[in-house]
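Colleague:
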Amino acid sequence: MSDRIGALILQSIWASWRDSIRRRRAAGATNDAGSNVERVEMTMHVGTHIDALGHFSIGGELYNGLNAGDVVTDWGLERLGIEHMPPMISRGVLLDVSGLDGGAFLEPGRVVAPDDLARAADAAEVAIGAGDIVLIRTGWGRFFAVNNDRYLQGE
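At position 23 of the sequence shown the residue is numbered 54 (the numbering used here), and the sequence of numbers has no breaks.
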């Protein structure tokens, strides 16, 4: 359910990874001393995770019409944070819709409609029940860390 992360993987405007070695020399230090200090920097928004309701906005508006400027602070979300979500322990159901259009993956922008999910459930011979956690495989993961430009074209 997760992919390896590192310097050469997905680089988007929202998620990035950077590491470096900082080499310093102290002017006037005894014996012309210097030091090397490593630095690893990445966004907290990497790997497999669940987004909070306050994660994404459109036109400055968050979930339920809240103004992002009133909710998002330098210290995090004042409301809509993931800490309010209870743990999820339930049956997981994987629906594979990657071949809906005859290929190995769905094209960017391809909407997965309720009928598509029903067909995938029928093909897997599984019934979705109350409380089930449904994971949807689109086939797009094949591009992650292999063809990042292509991967970032998807939605």
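For each residue, glycine too, the CB sits at the ideal point set by N, CA and C.
Leaving out five residues on either side along the sequence, give the residues of the same chain with a beta carbon under 7 Å from the beta carbon of Asp163.
Modeller: For the purposes of this step, residue 163 is taken as residue 132 along the sequence shown, with counting starting at 1. Closer than 7 Å at Cβ, skipping near neighbours: Ser121, Arg122, Val124.
Colleague: Rounded to whole angstroms, what is the Cα-Cα separation between Leu142 and Ala161?
Modeller: Position 111 of the sequence shown, counted from the start, is the residue given in the question as residue 142. Position 130 of the sequence shown, counted from the start, is the residue given in the question as residue 161. Just to set this straight, residue 142 is Val in the shown sequence, not Leu. Val142 and Ala161: Cα-Cα distance of roughly 24 Å.
Colleague: Can you tell me which of Asp180, Pro145, Gly96 puts its alpha carbon nearest to the alpha carbon of Val165?
Modeller: Looking up residue 165 in the sequence shown gives position 134. Measuring from the Cα of Val165, the nearest candidate turns out to be Pro145.
Colleague: Can you tell me the Cβ-Cβ gap for Gly90 and Leu108, rounded? I've got them flagged as a contact below 8 Å.
Modeller: Within the sequence shown, numbered from 1, the residue matching residue 90 stands at position 59. Within the sequence shown, numbered from 1, the residue matching residue 108 stands at position 77. Gly90 to Leu108, Cβ: 18 Å. No contact.
Colleague: To the nearest angstrom, how far is the alpha carbon of Asp101 from that of Met116?
Modeller: Taking the sequence shown and counting its residues from 1, one reaches residue 101 at position 70. Taking the sequence shown and counting its residues from 1, one reaches residue 116 at position 85. So the alpha carbons of these two residues sit roughly 20 Å apart.
Colleague: Can you give, in chain order, each stretch of the beta strand (DSSP E) that sits fully within the segment 87-146 and has at least 3 residues?
Modeller: Segments of the beta strand (DSSP E) lying fully in the segment 87-146: 123-127.
Colleague: Measuring CB atoms only, is the segment 174-182 touching the segment 148-157, in the sense that at least three cross pairs come out at less than 8 Å?
Modeller: The segment 174-182, when compared against the segment 148-157, does not touch it at the 8 Å Cβ threshold.
Colleague: Buried or exposed for Val71, going by 16 or more other Cβ atoms inside 10 Å?
Modeller: If you number the sequence shown from 1, residue 71 lands on position 40. Label assigned to Val71: exposed.
Colleague: Determine the extent of the alpha helix (DSSP H) in which Arg181 is found, giving its start and end residues.
Modeller: The residue labelled residue 181 in the question sits at position 150 within the sequence shown. Arg181 -> alpha helix (DSSP H) spans 179-182.
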